Amino acid sequence: MGKIVKLLTFLLLTPLTLLLSLVYLSYLAYGADVNRHSFSNISQPVAFAALPSQESTLNDEIVTLDKRIENLRTFFNRHNSSLEPYAEYFVSVSEKYELDFRLLPAIAMQESNLCKKAPKGSYNCWGFGIYGKKMTKFTSYEEAIDTVAKTLFIEYKSKGLNTPEEIMAKYTPSNTGAWANSVNLFMDHLE
0 MGKIVKLLTF LLLTPLTLLL SLVYLSYLAY GADVNRHSFS NISQPVAFAA LPSQESTLND
60 EIVTLDKRIE NLRTFFNRHN SSLEPYAEYF VSVSEKYELD FRLLPAIAMQ ESNLCKKAPK
120 GSYNCWGFGI YGKKMTKFTS YEEAIDTVAK TLFIEYKSKG LNTPEEIMAK YTPSNTGAWA
180 NSVNLFMDHL E
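Under numbering that gives the first Met the number 0, the sequence shown has 12 at position 13, and the numbering climbs by one with no breaks.
Printed below as a string of structure tokens:
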């Protein structure tokens, strides 16, 4: 019998307490509005916000640039790649040739596991110009990055080949889709 009384008391007092709390809070909110409106003739101090300066826009661009560079550095470090010191160069060359900054690193990952399987001394991490015994060699990673990016711009992007699937048809024509899938996957890891 005592349990039933406690239950009924709880069931009656809980909604009553909630209702009284809501009424009291409504009263406080209404009272605050009334007081605010009754003094509306008294001038209130007005806070003005300054318009954002042109400098903040520049800073936003710098932060975006830094984020891309940091994404590349993290990606290269995670895979112990010798390309890590060139992260900033990848971003600047990608901007120069209007390419997605993730494309060249993704192709390098697909073609040579970020230079780990590139021919020794070739600086060619992209499988660029390698056909049978013919192999293109570069004198530095900078030359390789610039040459591959320029070629992608001239021979692919300017001809409407923008996605890895479209690029694959010309870059590695015998491939049935795995190349583009891998490049897309690596690009996703760089977002």
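No residue lacks a Cβ here, since even glycine has one placed at the ideal position from N, Cα and C. All of these numbers come straight from a predicted model, not from anything done at the bench.
F100 versus P172 - alpha carbon distance: 23 Å
Beta-carbon proximity list for E141, same chain, < 8 Å, skipping 5 on both sides: Y85 and Y88
Residue environment, L10, which counts as buried when at least 16 other CB atoms sit within 10 Å: exposed
Rounded C-alpha distance that separates H188 from G176: 19 Å
Residue(s) in a DSSP beta bridge with K133: Y130
Residue range of the alpha helix (DSSP H) that includes W178: A177 to H188
Supposed contact pair V147 and W125 - C-beta distance, whole angstroms, cut 8 Å: 5 Å
Residue range of the alpha helix (DSSP H) that includes P163: P163 to Y170
Residue environment, M0, which counts as buried when at least 16 other CB atoms sit within 10 Å: exposed
Exposure label - I3; buried when at least 16 CB within 10 Å: exposed
Nearest-angstrom Cα separation, counted from K133 out to E94: 30 Å
Inter-residue spacing [alpha-carbon to alpha-carbon] between S39 and L12: The pLDDT assigned to S39 is 46, lower than 50, so where the model puts this residue is not dependable; a value taken from the coordinates is nonetheless given after this. Roughly 41 Å separates the two Cα atoms.
Cβ neighbours of S121 in the same chain (closer than 7 Å, five flanking residues each side left out): M134, K136 and F137
Close Cβ partners of F185 (< 6 Å) along its chain, the five nearest in sequence each way excluded: A105 and M108
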